[in-house]
Amino acid sequence: MTDHRSQAELVRQSLKARYRKERRFRAYGILAIAIALAALVTLFADIIGKGYTGFAKTTVTLEVDLDGEVMYLDDPTDKRQLKMADFVEPLILALMEEIPGATEDDRDLISELINPYASVTLRDALKDNPEWLGTTRTMTFLTHTDVDVYVKHAGDEGYSIKLNDQQQAWVDELVERGLVETSFNDVFFSGGDSRDPSKAGILGAVVGSLLTMFVTLVLSFPIGVAAAIYLEEFAPQNKFTDFIEVNINNLAAVPSIIFGLLGLAVFINLFGMPRSVPVVGGLVLTLMTLPTIIISSRAAIKSVPPSIREAAEGIGASKMQVVLHHVLPLAMPGMLTGSIIGMAQALGETAPLLLIGMVAFIVDVPDGFFDSATVLPVQVFLWAGSPELAFIERASAAIMVLLAFLISMNALAIWLRKRLERRW
Amino acid sequence: MQPANLLLLTVVLALITYGFAYARSRALAMPLGGIRHLKSLPFYYGARAALWSGIPALIVLALWAAFEGKVIQTLVLGSLPPDSVPQGAGQASLLLSKISNVASGALPVGFVDQSIADAAERLKGLREQSRMLMTALVISVAVLAGFLGWLRVRPKLNARSQVESILKWLFFACAALAILTTVGIIFSVAYETVRFFGQVPFTEFFFGSQWSPQTALRADQVAAEGAFGMIPLFTGTLLISAIAMIVAVPVGLMSAIYLSEYASKRVRGTVKPLLEMLAGIPTVVYGFFAALTVAPFISDLASSLGIDAASQSALAAGGVMGIMIIPFVSSLSDDVINAVPQSLRDGSLALGATQSETMKKVIFPAALPGIMGGVLLAVSRAIGETMIVVMAAGLAANLTANPLEAVTTVTVQIVTLLTGDQEFDSAKTLAAFALGAMLFLATLLLNIIALRIVRKYREQYD
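Right, here's the structure in full:
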């Protein structure tokens with residue numbers, strides 16, 4: 001009898017340890033989830049913390065005396081004169097007016113405060129309003145990138161301030177008087193890429209992304225759905241269709257950069273298509289997203305119950321009519337959600353596009369499928385690699401825009417699934 | 001005429017043909033006493049004619065567009081005077097880009113030889129001719145084929161079955177595109193790889209421990225190009241993948257276990273989509289995070305502890321890659337764990353085991369093969385991942401196992417060798433394709449094994 005009792009005692013003693021183990025195991029699970037979510041939160045916090053300043057621009061408001069003699073301009077409607085005229089001088093003079101105690105010796109230092117593109121702004125204004133010549137106007141210009149960095153990140157250790165003490169004092173003074181201000185950065189949304197961070201925008205990349213996505217969608221959705229229909233509804237069970245299936249599953253797991261190699265070798269070297277254009281990008285991304293779309297479309301077709309098919313066949317529909325008139329409409333929501341998710345993947349893809357030359361520095365907004373373009377993720381990559389720190393906040397801001405696109409696409413997919421999902 | 005417009009025109013022509021054939025089938029049905037005496041509905045006669053008109057025209061269009069550039073290039077090169085014919089493929093491509101620059105007006109005529117200016121003129125002329133020829137050909141094919149289709153509309157013709165079989169072939173062609181893609185991948189990398197091994201010996205590539213494609217290390221090296229030993233690249237890739245797995249597997253697996261066994265429905269419903277968000281973030285964003293936040297943090301931390309760390313470290317790239325792969329591991333493990341039948345759990349719990357004991361001793365062993373398959377797929381993904389390593393891992397080919405040093409990977413080298421200026425027959429460029437071939441083979445092998453395992457064990461309990 002002592003045996004039993006000691007065994008029971010043993011169990012009782014070990015029970016505590018076992019429960020401890022149980023709690024520990026559970027804690028590991030919670031810890032794992034916490035780590036993953038902490039990584040997500042850190043990532044978002046980091047990007048937003050780095051990038052929110054990218055949505056602001058720094059401007060200076062000046063009273064510019066549009067004196068024809070200073071600018072060497074007496075007829076603003078003359079294109080040649082406009083080209084030759086000096087639009088920097090009036091800006092510097094206006095700035096010097098605003099800075100008390102500035103002398104001729106400070107000229108160079110002061111000229112470093114204004115954006116190199118401000119003169120272009122002035123020229124365009126004069127071109128549009130020739131009657132302004134000889135008057136004094138209150139106008140707003142972009143400041144130099146260094147001023148922008150100083151105003152936004154004065155106490156930030158991550159940024160090196162390039163202005164000297166004298167310049168910093170001037171800018172402080174101008175900020176105090178309300179002449180230098182930060183406001184919403186519309187340039188960021190309306191400009192193409194630029195060497196100057198304060199002038200760089202994402203419009204070119206967004207348009208490039210949209211064009212590329214359009215090509216991808218137009219090609220991959222119909223082809224993917226057609227392939228899924230064939231494999232699910234018409235394919236005979238033989239070695240060849242097995243082979244196609246294995247192939248599709250493999251392609252879904254092939255590294256994306258391999259598709260870039262394919263695009264480079266086939267579309268560019270073999271077919272002689274131009275580099276760095278949305279059409280080639282779209283083709284490469286099509287091949288890359290097709291497996292995803294095919295797999296999800298097949299799942300959608302599979303979920304349509306056989307009773308639907310049988311009912312249609314029962315009243316004399318042919319196989320093709322069953323599929324096109326009955327199965328396809330019912331499977332469409334599932335196919336759409338799958339495709340949206342595939343498109344979201346394609347939208348964020350960078351590596352294959354690097355290989356087909358979409359890393360080129362392109363200032364203009366593309367206006368066609370055969371026009372040189374870059375896409376949003378590649379723009380992020382380019383800016384992230386730039387030595388100028390002011391580009392980092394632009395890159396982070398661009399990432400926020402990219403993530404906003406992606407999250408809304410995924411939300412759309414979830415909404416569609418919820419809205420159109422049917423239980424049989 | 002732009003190809004896009006031509007496409008539109010072809011579609012319009014096909015639609016017109018549709019209309020005509022539809023009308024004709026109805027007209028033919030009239031004397032018979034209505035469309036019920038037709039073999040198929042009028043719609044199918046129209047669709048058949050439209051397919052007849054559209055498909056051949058589109059095929060001609062596609063073929064023409066695909067090979068137009070090459071043919072014109074060859075013709076232009078052939079027309080050059082004998083003394084200025086380029087020697088190698090590299091020179092030819094250089095010359096061609098010069099010619100097309102002159103043709104497009106980017107390079108003024110005054111800056112180049114007369115022969116090149118002539119060639120540019122010729123290029124322009126040929127392009128013009130080709131465009132006209134293509135337009136004429138495509139339109140005439142569309143009209144002719146459509147007309148033939150229209151002529152053959154008869155009440156007895158079973159248009160529906162014909163349309164359906166054409167459609168079926170179209171669907172088949174779409175499915176077969178997957179094979180074509182694989183074949184395309186294999187051919188594009190294999191062809192260049194063979195050329196690469198023509199210049200660099202097999203043994204040097206596979207067993208060389210030096211990778212420096214840009215500079216020559218020894219005098220006897222091929223074309224003074226550099227060293228092409230892939231061992232440091234592969235060790236770098238493996239090092240980073242191993243770090244990624246050390247992060248991703250425990251975290252992914254434990255969160256999958258917690259979510260499937262312990263979590264309430266509400267927790268699961270909120271945490272799972274959040275985890276999946278990690279999978280939806282573009283890799284360039286992870287790369288940005290790794291290069292600008294994690295790598296400096298690690299190197300600061302290491303130097304404050306008195307350890308030497310490179311500013312771009314394998315640890316930063318691998319750690320962030322691990323975070324990226326967490327949702328992948330967790331959703332695959334989740335599937336596999338959920339596939340283990342409830343009866344096994346109930347049996348174990350009924351015997352008095354705690355939940356964690358059930359998990360560790362019953363469910364985990366049962367799910368292990370499937371989990372292994374998932375992990376292998378994750379490894380394949382880590383090996384092929386590009387942007388994170390391009391941005392955060394570095395370019396120096398170090399043969400090291402120290403995670404605090406900068407290493408380089410296969411994908412990084414492919415990207416660096418193929419972006420920027422390049423000529424297409426140098427060992428440097430070809431090396432990228434050889435690396436691509438190795439990468440493709442390695443991931444293919446992993447994928448095949450992994451997919452097999454996952455599929456086999458998922459079905460076991462069904």
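Residue numbers (full-length UniProt numbering), protein chains in the order written: chain B, 1 to 424; chain Z, 1 to 462. Beta carbons are placed, not taken as given, at the ideal position from N, Cα and C, and that holds for glycine.
Compare the C-beta of residue i with all C-beta atoms of chain Z and state if any pair is closer than 8 Å.
i	result
R26/B	yes
Y230/B	yes
T138/B	no
residue 425/B	A query on residue 425/B cannot be resolved here, the shown segment of chain B reaching from 1 to 424 and no further.
N249/B	yes
F361/B	no
F221/B	no
I30/B	yes
L287/B	yes
P377/B	yes
How big is the Cα-Cα spacing for residue i and residue j?
i	j	result
G191/B	V271/Z	39 Å
L412/B	R26/B	35 Å
L239/Z	A442/Z	15 Å
L217/Z	G226/Z	Unreliable placement is indicated for L217/Z, whose pLDDT of 46 sits below 50; no coordinate value is reported for it.
T206/Z	L377/Z	According to the sequence as given, residue 206/Z is Phe; it is not Thr. Spanning the two alpha carbons is a distance of roughly 25 Å.
A65/Z	A145/Z	20 Å
L416/B	L107/Z	52 Å
V88/B	A344/B	45 Å
T143/B	P377/B	28 Å
E245/B	L15/B	51 Å
Y72/B	L95/B	19 Å
L446/Z	V336/Z	19 Å
P82/Z	A117/Z	15 Å
E388/B	T145/B	10 Å
T182/B	G394/Z	37 Å
If we call anything under 8 Å between Cβ atoms a contact, is residue i one with residue j?
i	j	result
S255/Z	A32/B	yes
A291/Z	A384/B	yes
M230/Z	L7/Z	no
T17/Z	A57/Z	no
P366/B	L211/B	yes
V64/B	R137/B	yes
L430/Z	E128/Z	no
P403/Z	L315/Z	yes
L113/B	L66/B	no
G54/B	F188/B	yes
V327/B	I294/B	no
Using DSSP's beta-bridge definition, name the partner residues of residue i.
i	result
W64/Z	DSSP, once it has assigned bridges, lists no residue as partnering W64/Z.
I114/B	T143/B
W211/Z	F228/Z
T59/B	L142/B and E181/B
D65/B	T136/B
Checking contacts by CB at 8 Å: is residue i closer than that to chain B?
i	result
M1/Z	For M1/Z, the predicted model reports a pLDDT of 45, less than 50, meaning its position is unreliable and no value from the coordinates is stated.
A49/Z	no
E128/Z	no
Q73/Z	yes
A216/Z	Because A216/Z carries a pLDDT of 45, less than 50, the predicted location of this residue cannot be relied on, and no value is offered for it.
Y45/Z	no
S140/Z	no
V284/Z	yes
For residue i, return the contacting residues in chain Z, with the cut-off set at a CB-CB distance below 9 Å.
i	result
F271/B	A65, A66, F67, E68, G69 and K70
G348/B	G280, I281, P282, T283, V284 and V285
What in chain B is Cβ-close to residue i, meaning under 9 Å?
i	result
R160/Z	S318, M320 and Q321
T411/Z	P255, I257 and A351
V257/Z	The question names Val, yet the displayed sequence has Ile at residue 257/Z. Simply F25, Y28, G29 and A32.
K265/Z	Result: empty, since nearest Cβ-Cβ is about 15 Å, beyond 9 Å.
List the residues of chain B whose Cβ lies closer than 8 Å to the Cβ of residue i, in chain order.
i	result
N402/Z	Near N402/Z there are no residues of chain B at all, since even the closest Cβ is about 24 Å away, more than 8 Å.
Just to make sure I have the definition right: I need the residues of chain Z whose C-beta is within less than 7 Å of the C-beta of residue i. Which are they?
i	result
K21/B	S356
I293/B	Within 7 Å Cβ-Cβ: nothing; I293/B doesn't reach chain Z, min ~11 Å.
For residue i, which residues in chain Z fall below 8 Å Cβ to Cβ?
i	result
R18/B	T354 and E357
For residue i, which residues in chain B fall below 7 Å Cβ to Cβ?
i	result
L301/Z	Per Cβ cutoff of 7 Å: no residues; L301/Z is ~15 Å from chain B at best.
A176/Z	I244
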